[in-house]
Structures are given as C-alpha cells and as structure tokens.
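What follows is a set of notes on a single structure, which appears directly below.
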Amino acid sequence: MPYTVSRPKLTFSEKAYFPAIFAGLGITLRHFINILSGKKKVTMQYPEEKWDQNLPAHYRGAPTLVRDEHGRERCVACQLCEFICPPRAITIHPGEIPIEDRWRKVEKFPQEFQIDMIRCIYCGLCEEVCPEQAIFLRKDYAITGLTRQEMVHDKKKLYELGGVMTGLVHKWNDKK
Amino acid sequence: MSAPSELLNVQIDGIWHQFQKGTRVIEACAQAGKFVPHYCYHPKLSSPGNCRMCLIEIGMPKLGPDRKPETGTDGKPLINWIPRPQISCAQDISEGMGIRTESPMVKECRNGVMEFLLINHPLDCPICDQAGECQLQEYSVEFGTAGSRFLEEKVKKPKRVEIGPRVTLDDERCILCSRCIRFMKEVAHDDVLGFVSRGSHTYLTAHPDRLLDSNYSLNTVDICPVGALTSSDFRFKMRVWFLKETKSICTSCATGCNTIIGTRQNQVFRQTPRENDAVNSAWMCDYGRLNYHYVNSTDRLQTPQIREGQELVNTTWNSALVKAGEELKQFSKDGIAVVASAKMTNEELWLTKNLTELVGTSHCDIIPRSGAADDILMSADRNPNTLGAQLIGLTGEKPGLRLKDIAEGVRSGTIKAVLALGEDLTQIGLQADELKKLASLIVLDILPTETTRSATVLLPSSAFCEKRGSMINIKGRLQRLHRATQPPGAARDDWEIVRDLIQKLTGSNGIYLIEDVFKQMTDSIPDMNGLSLSRIGDKGVQLVEETEEAPAAI
Numbered sequence: 000m001p002y003t004v005s006r007p008k009l010t011f012s013e014k015a016y017f018p019a020i021f022a023g024l025g026i027t028l029r030h031f032i033n034i035l036s037g038k039k040k041v042t043m044q045y046p047e048e049k050w051d052q053n054l055p056a057h058y059r060g061a062p063t064l065v066r067d068e069h070g071r072e073r074c075v076a077c078q079l080c081e082f083i084c085p086p087r088a089i090t091i092h093p094g095e096i097p098i099e100d101r102w103r104k105v106e107k108f109p110q111e112f113q114i115d116m117i118r119c120i121y122c123g124l125c126e127e128v129c130p131e132q133a134i135f136l137r138k139d140y141a142i143t144g145l146t147r148q149e150m151v152h153d154k155k156k157l158y159e160l161g162g163v164m165t166g167l168v169h170k171w172n173d174k175k
Numbered sequence: 000m001s002a003p004s005e006l007l008n009v010q011i012d013g014i015w016h017q018f019q020k021g022t023r024v025i026e027a028c029a030q031a032g033k034f035v036p037h038y039c040y041h042p043k044l045s046s047p048g049n050c051r052m053c054l055i056e057i058g059m060p061k062l063g064p065d066r067k068p069e070t071g072t073d074g075k076p077l078i079n080w081i082p083r084p085q086i087s088c089a090q091d092i093s094e095g096m097g098i099r100t101e102s103p104m105v106k107e108c109r110n111g112v113m114e115f116l117l118i119n120h121p122l123d124c125p126i127c128d129q130a131g132e133c134q135l136q137e138y139s140v141e142f143g144t145a146g147s148r149f150l151e152e153k154v155k156k157p158k159r160v161e162i163g164p165r166v167t168l169d170d171e172r173c174i175l176c177s178r179c180i181r182f183m184k185e186v187a188h189d190d191v192l193g194f195v196s197r198g199s200h201t202y203l204t205a206h207p208d209r210l211l212d213s214n215y216s217l218n219t220v221d222i223c224p225v226g227a228l229t230s231s232d233f234r235f236k237m238r239v240w241f242l243k244e245t246k247s248i249c250t251s252c253a254t255g256c257n258t259i260i261g262t263r264q265n266q267v268f269r270q271t272p273r274e275n276d277a278v279n280s281a282w283m284c285d286y287g288r289l290n291y292h293y294v295n296s297t298d299r300l301q302t303p304q305i306r307e308g309q310e311l312v313n314t315t316w317n318s319a320l321v322k323a324g325e326e327l328k329q330f331s332k333d334g335i336a337v338v339a340s341a342k343m344t345n346e347e348l349w350l351t352k353n354l355t356e357l358v359g360t361s362h363c364d365i366i367p368r369s370g371a372a373d374d375i376l377m378s379a380d381r382n383p384n385t386l387g388a389q390l391i392g393l394t395g396e397k398p399g400l401r402l403k404d405i406a407e408g409v410r411s412g413t414i415k416a417v418l419a420l421g422e423d424l425t426q427i428g429l430q431a432d433e434l435k436k437l438a439s440l441i442v443l444d445i446l447p448t449e450t451t452r453s454a455t456v457l458l459p460s461s462a463f464c465e466k467r468g469s470m471i472n473i474k475g476r477l478q479r480l481h482r483a484t485q486p487p488g489a490a491r492d493d494w495e496i497v498r499d500l501i502q503k504l505t506g507s508n509g510i511y512l513i514e515d516v517f518k519q520m521t522d523s524i525p526d527m528n529g530l531s532l533s534r535i536g537d538k539g540v541q542l543v544e545e546t547e548e549a550p551a552a553i
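Chains A and B supply the protein sequences, listed in that same order.
Take the first sequence: its letter number 6 is residue 5 in numbering that gives the first Met the number 0, and every next letter is one higher.
Take the second sequence: its letter number 352 is residue 351 in numbering that gives the first Met the number 0, and every next letter is one higher.
In structure tokens, the structure reads:
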C-alpha cells in the first residue's frame, strides 16, 4: 500500500546548508589539533605494542591441548572435536595406553593430534564439545608459518601452547 | 509350533490387531509399530527375560460369572489389567490380550530400570568403542533421567580383559543381559561364557580353562547392546559415527554372508554381518570378518607395468593394454591359457569367458580353494563364486580339472601365453623360472606374487570392497557387492580391464557401464534372464534350485 512519508520541517539555517558544513569542519579541526598536540592517541603501534593484557577471559585464540596438575594429558581421543569441527581442521589417531602406564585406567590416548590452523575458524566448538576438558582456546592469535606443514599444529605444539590447567574435574580417579 | 493360519485378536494401546498365534508379545508390539525397548531379548536367541527393560502392562479378557468374556459397548471384550508390569519378551500373545506400551506405569518402569542399569555403569563413553551405537546411550536419552541419585562407590569389576584372541571384555560396562552367553551356547555351540559371583558383583567371564576363541566370537561383540564386549581388531581404531556403511557380501567362502563394510577416508575399518535369513541369519564368522586387512596393505599394486628386459617398468594404462592386446594376437588359439579366479564377480567372469571365446582357446579354468567346513556358516569351498564360474562356463562340473593340462602345456611350451586373473600361478605348481619362460604373461592382481613379478604385462585391479558386481553363493543365491572404497593409485575395476582387453582385440563392444555387462550376461544365460543389478536387491535372489549337497570343491 502506498503511503505518505511525513518529512521534518526544516528551519532556515538548516535549509541554508552552509552552517552545518562549518560545524562539521569544526569537529574535524578539533580532533586534528588534539591528535597533533598529543592530547589524544588512537593508533596502537602493533607489533611493538600489544593489546594482550586487555584480552577478555573468553577470548577465542588458537585451540590447544592441556595437561592437568598431575601431568596427565587430558585428551582421551574420543574424536568428538574431530566430528564437530565445522572446517574439519582436526585429525586424531587414537592409540591404547600400555598396561604398565600409570594412567592405564584411561585406556585410550591420542597417538597423534593435529589441528590445521589454516583451516581453523576459531569457533570454539571443540572446546565446547570436549567431554574431558582437554581442549581449550587460548589467547594466542598470531599463528603464522612459512609453509603449510608449519601451520599444522601437532600434538607437541598443541601441548606447548596449552600448558597446564588446574582446577579441572578429575573423573579418572581410581575411586570412580 | 501351532498352525500358522490361526490369528489372535490383541489390543495394543487401545487398538485391536490380529497376529499369528505364537507371536511374542514384543514382536506383536513391533508389528503394530509400537517399539518396546529391550536389552536381553534378541529375535535369534532364546528369551531369559532378565534385563527387565521390556516391561509393559498386560491384561486378559474379563470373564463373567458364566466364564465367557464380557464385552463392552463396542462389542469388543473387556480387559482385566494385571496390576503389576510384565515382561513382553518371554511370553506369547493369547486371544483377547490387552497390552499397554505407553501407560504412566510403563514409563515409570523404564525410567526405573534405566536408573538401576546405570548405577554401576562407568561413565567412560569417551573411550568406549560402542559409543554411537550403544543401546544404553540411546535408551538413557529416551527413557532415562539426566542425573544419577547414586551416591555410594561403584562396584569394581575386571576391565580390559582379553577374554579371547579377538574380543576384549570390560565387565564394568556389562549390564548382564546374557546375550553373548546364549549366542555361544545356542548358535556357536561352544558354551564358554557364563556369569559368576552374586548380586551386583555378578560378572561375565569365560570358563577358567578356556578362552572365547570360537570362530564366531565376534558376533558376541555385535549383539552386545553395550560396550562390554568389543572387537580387539577394531578397538580404538575409529569412532563408529565416522564410518560410511556400504552393504556388501563376504567373499571369504562360498556362503556369501551379507555384510556391512565400515569405511572412512577410503580405508576399511570393519566388516559386520547384515541380517539375511536366506543366507547367514544375523551372523558371520571371524575369519571372513577379519579377512580384509590385505586391502589396506601398502604393497597394493597401483600402476600398470610392462616388462622391458628383466625389469618391470611403470607405464600408462593404454600402452599396457595395447601391449597385452598385441601379445594375445601373436599366438594361436590353444597357445593361450586363461586362469581365472572364482573370487571374481559374475560380470568379470562373463567378460573373461567372452575373451577366451574370442581368442578361441579351450584352456581356461578357475583355481579351486577349499578348507574345513563347519556346521554353522563356513563352507568348504573358499571361493565365493564357484557357482557363477560354472554357470558362465569358465569351468566344468569339477573346478580345476583343466589346470593340470595348462601347467603341463606351460612346461612343455605348447602354451606360450597365459592370462592370469587374480590368481598366483604357483598354486597350480608352476615355478617362477617356468613362468619367466612364457612369451606372454598378462596378470591382473592386487598384491605382488611370484606371478606378478614374472608378468610381461601387469594390470593392477580391485579388491572385493572396491568393486560393484554380483556373485552366486553355494546355495545358488545371486547377491551383490558394492563399492565401499576406491582402488589405490591407478588401479582399476577388473571388468573394465577385461573389457578393454577385448576392445584391443575387436574394437568397441558397446559396453560402457557394469549394467551393460550385466544386461549382456543375463541375455546370454537362461538362468539369469530378466534380471538386472538393481533387481537383485540387498538380500539377493535365488537363482538355481537350492541343492542339499553343495558342489564339491577339490
């Protein structure tokens, strides 16, 4: 249905057009002087300066694998992250923990765990789906490399980035 | 068994149905479209009724003072409901029976049973191979509750027990349904499994002096509704939800058990039986099930090769086929022998038969394979398609009779060219140096053998899981194979290679698809008239009258 749009009534100075232009130029000039005199600073000199200290706790950087305070690798190679990963960046080769191992009760571990950081979209679904609290998105965001191979994070690299995380649930106690 | 014609009236959730007399209550519910959850019940085994998951409400017709059923206003009998729930797996229906599968009491029973079953169950789904096809997971979602009210310590039981050479047992996961015990007793006739201890400490174990080492042990893994029995071969290899499932048949013996091949990223991870009452019921033997590892071998032949002097050198398909064609043209009719394999599909065998007719040789046969038969599934004939080779005419009544002549012909020099399809000629007594003397040895195979090393033209072909086609099992049932994975490297389908060989001798033969091969084959073989690959269906068709005595393998 066609209908009439009500137009605002303009005053004379608004119709005259020029006062608004000068008002705008005035704002620009004020910023120009403030920046020139060093009163205001807007550019961060990355990479000399970094914003890392101010990243929020929920920041989603590179996905990593973590160990707990007992030094146990938390991942049990259930492959749910491999399943959920939208760009299919994760590849896991599961293995069996030998019977002599201290953590034999867990039975299963990732022989190899690869995340292709060219594919990763930092969505955090792997962290969300993990039933073992083993994979976390940490604050590393500058993931670079000179070759494609270098951009595939293997298990060693993932634990290096992830480090130790404390205060997690321990569901593989002998009593449980 | 009562007369099959007698129908009984049964009310299920308020609707009256008719079922054959002798139907189990749980089966009647299934036929009426009402699913009753169950663990211990298996249609192919006896019913002990010990899991209590299939509890439902049952009622019998209300009898008046004259002992006649009272009828309601609708003319149907009134039902006297039994006040306590009943199991549905261990009793048959009776006339006028009433069943409730969705009443509040039934729902509460299921919820309670799930809670009991999960009390001592370890929450180790992340490491359990059954996860994804676990009925405990499925029913827990559907009938259970989100949390547990159990505060005490769980009962500890043996874990990671190698109960047999191919089966790993985790007793903590076991819900004591006894399906495996009944299978071993009733189907495998090897009663090695049993429960020991009492109460919640009951656990499954093998007889102290025995292992679960029957050739049918892996079927217990299939029927285990939870992750208590898992396959040692498949253990921790791949999660089941990644597996692409392809319907096929087992090619390790002439029984032709129906299978599902589980693959991921072009790699075969497992084979499981597919139900077909005309062939294998719901089972298959461990030998056939695990006989797939060679498919994933790194030794697989991947590139066509031709002999130049002492060396086999890689070449293109066209030049290899041209050379093979030229070699075949050089020799007169009976200077050529064709040794085919009954591991080939009907389509491949039929094209091979065409090729032998084209070159005009009578030296053609298959190599018979035999082993010990058992009374369950395994057949003495270890070739999956002997009947197909006989029907197509590549071999006679007794397979392998012409092989002696072929071997002698090669030794004496009357046979100068041999086409070996999927078989190693050392099996017919020829030595490597004798094979090397042949002017032409064209070999189709998937793995290196003495014959492939002596070949003049080597054509890499496909394994059973890499091709489409059909085979005829020992009972005369025509069944289909489907392609689950791609052949490695430049390897091709066998039927395409044989077709191309024929084309090198004659020019085009109008065959572009495997359906074309099948069509031409069915047109020329009276027993197959009117069939097509799609018409065979997933469960096969009976082609020749079932014989009491299977054809003798040599």
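Note that CB positions come from ideal geometry on N, CA and C, so glycine has one too.
Bear in mind the structure is a predicted one, so any value in this text is a computation, not a measurement.
Partner residues in the beta bridge of D380/B, as assigned by DSSP, are S369/B.
Residue pairing for C363/B: DSSP places it in a beta bridge opposite V337/B.
Contact annotation: the segment 241-254 of chain B touches the segment 262-270 of chain B, with at least three C-beta pairs closer than 8 Å.
In the structure shown, G94/A falls within a strand segment according to DSSP collapsed to helix, strand and coil. Of the other Cβ atoms in all chains shown, 16 or more fall within 10 Å of the Cβ of G324/B; this residue is therefore buried.
When secondary structure is reduced to three states using DSSP, W50/A falls in the coil class, being assigned neither helix nor strand. Under the 8 Å criterion on CB atoms, R238/B is classed as interfacial with respect to chain A. Within the segment 99-166 of chain A, the complete beta strand (DSSP E) segments at least 3 residues long are 107-115, 134-136, listed from N- to C-terminus.
K107/A has a beta carbon lying within less than 8 Å of a beta carbon in chain B. The continuous alpha helix (DSSP H) containing K184/B extends over residues 178-185. By the neighbour-count criterion, in which a residue is buried when 16 or more other Cβ atoms sit within 10 angstroms of its Cβ, T219/B is buried. Around the beta carbon of T72/B, a 10 Å sphere encloses fewer than 16 other beta carbons of the protein chains shown; the residue is thus reported as exposed. Taking the Cβ atoms as the reference, G94/A lies roughly 4 Å from Q110/A, within the contact range of under 8 Å.
For P459/B, the enclosing beta strand (DSSP E) covers residues 456-459. Neighbourhood of R263/B in chain A, by CB distance below 8 Å: empty, with the nearest CB roughly 11 Å away.
Counting only unbroken stretches of 3 or more residues, the beta strand (DSSP E) elements lying wholly within the segment 35-80 of chain A are 62-64, in sequence order. Contact check between the segment 62-75 of chain A and the segment 125-133 of chain A: three or more CB pairs, one atom from each, fall below 8 Å, which counts as touching. Listed along the chain, the chain A residues whose CB falls inside 7 Å of the CB of P125/B are V75, C77, P130, E131. As summarised for the segment 519-548 of chain B, the continuous alpha helix (DSSP H) elements at least 4 residues long and confined to that stretch are 532-535, given in chain order.
Looking at the backbone, the Cα of E48/A and that of M164/A are separated by about 28 Å.
In this structure, the CA atom of E159/A is about 32 Å from the CA atom of G131/B.
Considering only L168/B, I57/B, K67/B, the residue with the shortest C-alpha distance to R83/B is I57/B. For N279/B, there is no enclosing beta strand (DSSP E), since its DSSP letter is neither H nor E. Classified as exposed, E407/B has fewer than 16 neighbouring CB atoms from the shown chains inside 10 Å of its CB. By alpha-carbon distance to Y38/B, the top candidate from L400/B, P47/B, L210/B, A341/B is P47/B. Relative to the Cα of C80/A, the nearest Cα in the group T425/B, E422/B, W240/B belongs to W240/B. A Cβ of chain B is located within less than 8 Å of the beta carbon of F82/A. Taking a Cβ-Cβ cut-off of 8 Å, the neighbours of R234/B in chain A comprise E95, given in sequence order. If you draw a straight line from the Cα of E356/B to the Cα of E310/B, it is about 32 Å long. Contacts with chain A at 8 Å (Cβ-Cβ) include R159/B. Going by DSSP, P272/B is part of the beta strand (DSSP E) stretching over 266-272.
Of all alpha-carbon atoms in V35/B, R172/B, T204/B, V540/B, the one lying nearest the alpha-carbon of D128/B is that of R172/B.
Per DSSP, G13/B has no beta-bridge partner at all.
Within the same chain, and ignoring the five residues on either side of G143/B in sequence, the residues whose Cβ sits closer than 6 Å to its Cβ are M113. For M96/B, there is no enclosing alpha helix (DSSP H); the residue is part of the beta strand (DSSP E) that begins and ends at 96-99. The three-state secondary structure of L420/B, taken from DSSP, is strand.
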